[in-house]
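A.B. asks:
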Amino acid sequence: MEQVEIARRNLDLLNEFMQYAFEHPGVLDQIPSGAEMVILPENDPELAVENTRTVRALEEKGHPVVVVKLRRREPIPEPKIEVKVG
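Residue numbering for the sequence shown follows the numbering used here, beginning at 532 and increasing consecutively.
#1: Please tell me whether L545 and P572 are closer than 8 Å, where the distance is taken between their beta carbons.
#2: So what's I562 in DSSP terms, helix, strand or just coil?
#3: Measure the alpha-carbon distance for I570 versus K611 and round it to whole angstroms.
#4: When we look at the beta-carbon of D575 and count the other beta-carbons within 10 Å, is it buried (16 or more) or exposed?
#5: Within 10 Å of its beta-carbon, does E591 have 16 or more other beta-carbons around it, so buried, or fewer, so exposed?
#6: If we call anything under 8 Å between Cβ atoms a contact, is A566 one with V598?
#7: With a threshold of 16 other CB atoms inside 10 Å of the CB of L559, please say whether the residue is buried or exposed.
#8: I need the DSSP call for P572, collapsed to helix, strand or coil.
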C-alpha cells in the first residue's frame, strides 16, 4: 500500500475517533500524556497490518503506545465538485 493511501485512510480513522471523542470526552483521559496513539481498524485488514507495523516500530524504540481498535465506517464517497462561473 502506498504511503499516500495509508495516510488518507488513517486520517479518515482519526476523524472518526475525534468525532467519538467530541461526544465522549472522557475517552481522551485514557490516553497518557506523551503516548503515541495508533488506530487499528477492525474492518480494514490491509491498513491494520500497516498500523501494526507502526506499533511494533514504536515499541522497539521504547515509545509508549496506545492502541485503539475501531470499526471503520463505510468509505465516504468522493464528492463530485463542479464549479460554475458566471
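Idealized CB from N, CA, C, for every residue including glycine. It should be emphasised that the depicted structure is a prediction, and the values quoted were computed from it without experimental measurement.
C.D. replies: Once the coordinates are examined:
#1: Going by C-beta atoms, L545 is not nearer than 8 Å to P572.
#2: Coil, per DSSP.
#3: Taking the straight line from one Cα to the other gives about 29 Å.
#4: Per the 10 Å Cβ criterion, buried.
#5: Label assigned to E591: exposed.
#6: No, the pair does not count as a contact, with Cβ atoms beyond the cut-off.
#7: With fewer than 16 Cβ atoms within 10 Å of its Cβ, L559 is classed as exposed.
#8: P572 falls in the strand class under three-state DSSP.
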